[in-house]
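Engineer:
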Ligand SMILES: Cc1cc2nc3c(=O)[nH]c(=O)nc-3n(C[C@H](O)[C@H](O)[C@H](O)COP(=O)(O)OP(=O)(O)OC[C@H]3O[C@@H](n4cnc5c(N)ncnc54)[C@H](O)[C@@H]3O)c2cc1C
Ligand SMILES: Nc1ncnc2c1ncn2[C@@H]1O[C@H](COP(=O)(O)O)[C@@H](O)[C@H]1O
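Residue numbers (the numbering used here), protein chains in the order written: chain E, 752 to 1000; chain U, 738 to 1047.
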């Protein structure tokens, strides 16, 4: 089985982002960038499937600027076998990503695509579901457990009321949630080895996909800041404030 | 303009998330229809017909929709969508699962998690864990939208009298099947809609220690929530998680106990009306958003607070 893992380059989750003064977007110049944390979990899962003998090859694919190759290298250092980079500067929306991924799937023929559940920059939570729709495949979203057996995938999903388990026919798309696993750190030897692993370079046009955004971002602004509060000295003072000032109890 | 709201329901009950979603449709303007896609929908359809502002209820009742598997439901949504300008569902795990699949079938770019309606085709949505707000303008033929529930006050569940129309079912699909569910049982109010929420973090130390929060919650009639660290550590189930990737809530009172206040956590609770933080570290970032901060050991402060609430 071949596993495809789409990985997105995003502003690191620890960075406190700043909105550009002209309201055109969020400052990404000179900001630490990393692999989307959910995608690290997806790569980890794919590599574990390979280590367990359930998968033969793990291919990481990223759509983004030239530096997205660094994100692919991170996946390769974690244990992915090779990379595919589709170069595109500027924003790319989930529908366009899904169309590009569909083209890659048709070329590569994986039986499983592991996406992150959500990119932490656009917070869209769409790409995996869209790819499943375009391919006519089964989808298992927000996975906290994944078992591959008997030509199928058993997926435990984190839903609002608790957990739900579903059975998917392969090939399928699974979008991973936080508790599926804990991603490994790449070791130095593996980082060195990753430098020699191949990355295929493409452009969206190679796949006949137009990545121009469908939605126009009119304005990006900072949310109104919360009014600063106070520190209370004791539980008594807290109870008093909640009763007489905030009037919430 | 014409809006189709995809309802979330079980048995005879329409979930409140649907009422928030109808509220967003109301701001967009035009007719509002509600679609029920599932099995044994009659009782829920009767309830949906009473929702304020709804003029028609479409019922798609078919065994193929059992457990509302995305592979069956999304094509139905795409089919129904053809005659509407806007199709909306709540941005909870139900809507997030099915709507992008329907949007892709329609070849439209979905607008996720809207927090305000700026105009009929212009919407505000939080990005970067709510640290920025983007206004997007859509020129899509159909606007497929998920709605942030806490940003739209629920419409009344009673008062309307919509007509009910049965529309067709679906072909059975064999891509996916339901195996089972492990739902968290609780007598407490629902975390998503509770007026008061008491949340615990890694500072709680163990699942057993959550008992002191539960006692406090019961005295306040509150729901219990948690940070990701508390869920990851196995103190409480996954559906307790509040944050960027958990539940987004905005109760009247949020009490954060032993939670440091990472941006991913703040993303899920910073719109609460009043925030209380109890933390022994006076530098914890949670104090920057707290209306009332108490620097104390939670194992002293929580039982004392519970006692003094009388
Ligand atoms: C992609 C991604 C998504 C995420 N999504 C979420 C999300 O949805 N929700 C979420 O919550 N987090 C999320 N996180 C995790 C987030 O970054 C933080 O790691 C997490 O919120 C920390 O949880 P915490 O505050 O309980 O733990 P910590 O940061 O460890 O804080 C524990 C706090 O408890 C205090 N404490 C300890 N003992 C006591 C005591 N006896 N009395 C009083 N105070 C005490 C400490 O001073 C400390 O401030 C996400 C992270 C990533 C990377
Ligand atoms: N530009 C991209 N390149 C590669 N994968 C992506 C890209 N955008 C999104 N994805 C994948 O889709 C998932 C969900 O993204 P989103 O729908 O944008 O929240 C991510 O976790 C990635 O696995």
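Each residue gets a CB set at the ideal place from its N, CA and C atoms; glycine is no exception. Quick caveat, the model's predicted, so the values are computed rather than measured.
Quick one: what does DSSP say residue 886 of chain U is sitting in, helix, strand or coil?
Structural biologist: For the purposes of this step, residue 886 of chain U is taken as residue 149 along the second chain, with counting starting at 1. DSSP places residue 886 of chain U in helix when its eight states are reduced to three.
Engineer: Are at least three pairs of beta-carbons, each pair with one atom in the stretch 803-823 of chain U and one in the stretch 834-846 of chain E, less than 8 Å apart?
Structural biologist: Segments in contact, no.
Engineer: Are residue 696 of chain U and residue 875 of chain E touching if we call contact CB-CB under 8 Å?
Structural biologist: Since the first and last residues shown for chain U are 738 and 1047, residue 696 of chain U lies out of range.
Engineer: DSSP on residue 742 of chain U, reduced to helix/strand/coil?
Structural biologist: The count along the second chain starts at 1 and reaches residue 742 of chain U at position 5. If DSSP states are grouped into helix, strand and coil, residue 742 of chain U belongs with the strands.
Engineer: Report whether the distance from the Cβ of residue 939 of chain U to the nearest heavy atom of ligand 1 is below 7 Å.
Structural biologist: If you number the second chain from 1, residue 939 of chain U lands on position 202. Yes, since a heavy atom of ligand 1 falls inside the 7 Å radius drawn around the Cβ of residue 939 of chain U.
Engineer: Would you mind telling me which residues of chain U sit closer than 8 Å to residue 889 of chain E, beta carbon to beta carbon, in chain order?
Structural biologist: In the first chain, counting from the first residue as 1, residue 889 of chain E sits at position 138. In chain order: 808, 912 and 913.
Engineer: Can you name, in chain order, every residue of its own chain whose Cβ lies under 8 Å from the Cβ of residue 834 of chain E, other than the five neighbours on each side?
Structural biologist: Translated into positions along the first chain, residue 834 of chain E becomes position 83. Excluding the 5 residues flanking it on each side, residue 834 of chain E has same chain C-beta neighbours closer than 8 Å at 810, 811, 812, 813, 820, 823, 824, 826, 827, 948, 949, 950 and 951, in chain order.
Engineer: Look up residue 902 of chain U in the DSSP assignment and give the residues it is bridged to.
Structural biologist: The residue labelled residue 902 of chain U in the question sits at position 165 within the second chain. Its beta-bridge partners are U/795.
Engineer: Can you round the beta-carbon distance between residue 745 of chain U and residue 827 of chain U to whole angstroms, since I take them to be within the 8 Å contact cut?
Structural biologist: As a first step, residue 745 of chain U is located in the second chain; it is residue number 8 there, counting from the start. As a first step, residue 827 of chain U is located in the second chain; it is residue number 90 there, counting from the start. Indeed, because the Cβ distance is near 6 Å, the residues count as touching under 8 Å.
Engineer: Would you tell me roughly how many angstroms separate the C-alpha atoms of residue 864 of chain U and residue 880 of chain U, rounded to the nearest one?
Structural biologist: Here the question's residue 864 of chain U lines up with position 127 in the second chain. Here the question's residue 880 of chain U lines up with position 143 in the second chain. Roughly 19 Å between the two C-alpha positions.
Engineer: Which word fits residue 939 of chain E, buried or exposed, when buried means at least 16 other C-beta atoms lie within 10 angstroms of its C-beta?
Structural biologist: By one-based count along the first chain, residue 939 of chain E stands at place 188. Result: exposed.
Engineer: Tell me where the beta strand (DSSP E) around residue 808 of chain E begins and ends.
Structural biologist: The residue given as residue 808 of chain E occupies position 57 in the first chain. Note, residue 808 of chain E: beta strand (DSSP E), 808-815.
Engineer: Classify residue 1018 of chain U: buried if its beta carbon has 16 or more other beta carbons within 10 angstroms, exposed otherwise.
Structural biologist: Against the second chain, residue 1018 of chain U aligns to sequence position 281. Exposed: under 16 other Cβ atoms inside 10 Å.
Engineer: For a contact meaning CB atoms closer than 7 Å, what does residue 850 of chain U contact in chain E?
Structural biologist: Start at 1 with the first residue of the second chain, and residue 850 of chain U comes out as number 113. What residue 850 of chain U touches in chain E: 874.
Engineer: Measure the alpha-carbon distance for residue 950 of chain U versus residue 824 of chain U and round it to whole angstroms.
Structural biologist: Taking the second chain and counting its residues from 1, the one referred to as residue 950 of chain U is at position 213. Taking the second chain and counting its residues from 1, the one referred to as residue 824 of chain U is at position 87. Taking the straight line from one Cα to the other gives about 40 Å.
Engineer: Using a Cβ cut-off of 9 Å, which residues of the stretch 827-848 of chain E contact any Cβ in chain U, in chain order?
Structural biologist: 844, 845, 846 and 847
Engineer: Return helix, strand or coil for residue 856 of chain U, following the three-state DSSP convention.
Structural biologist: Sequence index remark: in the second chain, residue 856 of chain U carries index 119 (1-based). In this structure, residue 856 of chain U counts as strand in the three-state DSSP scheme.
Engineer: Which class does residue 972 of chain U belong to by DSSP, given the choice of helix, strand or coil?
Structural biologist: As a working mapping, residue 972 of chain U is identified with position 235 in the second chain. DSSP places residue 972 of chain U in coil when its eight states are reduced to three.
Engineer: What span of residues does the beta strand (DSSP E) with residue 965 of chain E cover, start to end?
Structural biologist: Counting from one through the first chain, the residue named residue 965 of chain E turns up at place 214. Run containing residue 965 of chain E: none; DSSP gives neither H nor E here.
Engineer: Going by C-alpha to C-alpha distance, which of U/764, U/984, U/978 and U/836 sits closest to residue 890 of chain U?
Structural biologist: Residue mapping note: residue 890 of chain U aligns to position 153 of the second chain, counting from 1. Among U/764, U/984, U/978 and U/836, the Cα nearest to that of residue 890 of chain U is on U/764.
Engineer: On the three-state DSSP scale, how would you describe residue 1020 of chain U?
Structural biologist: Counted from its first residue, the second chain places residue 1020 of chain U at position 283. If DSSP states are grouped into helix, strand and coil, residue 1020 of chain U belongs with coil.
Engineer: Are the C-beta atoms of residue 1048 of chain U and some chain E residue less than 8 Å apart?
Structural biologist: Residue 1048 of chain U is absent from the model: chain U starts at 738 and stops at 1047.
Engineer: Could you check where the beta strand (DSSP E) with residue 909 of chain E kicks off and where it finishes?
Structural biologist: Here residue 909 of chain E refers to the residue found at position 158 of the first chain. That run of the beta strand (DSSP E) goes 903-910.
Engineer: Taking DSSP's pairing of strands, which residues face residue 770 of chain U in a bridge?
Structural biologist: Residue mapping note: residue 770 of chain U aligns to position 33 of the second chain, counting from 1. The bridge partners DSSP lists for residue 770 of chain U are U/741 and U/793.
Engineer: Determine the extent of the beta strand (DSSP E) in which residue 834 of chain E is found, giving its start and end residues.
Structural biologist: By one-based count along the first chain, residue 834 of chain E stands at place 83. Unbroken beta strand (DSSP E) run through residue 834 of chain E: 833-838.
Engineer: Within 8 Å of any Cβ in chain U, is that where the Cβ of residue 1003 of chain E sits?
Structural biologist: Limits of chain E in this structure are 752 at one end and 1000 at the other, which puts residue 1003 of chain E out of reach.
Engineer: Beta carbon of residue 879 of chain E: closer than 7 Å to some heavy atom of ligand 2?
Structural biologist: For the purposes of this step, residue 879 of chain E is taken as the residue at position 128 of the first chain. Yes, Cβ of residue 879 of chain E sits closer than 7 Å to a heavy atom of ligand 2.
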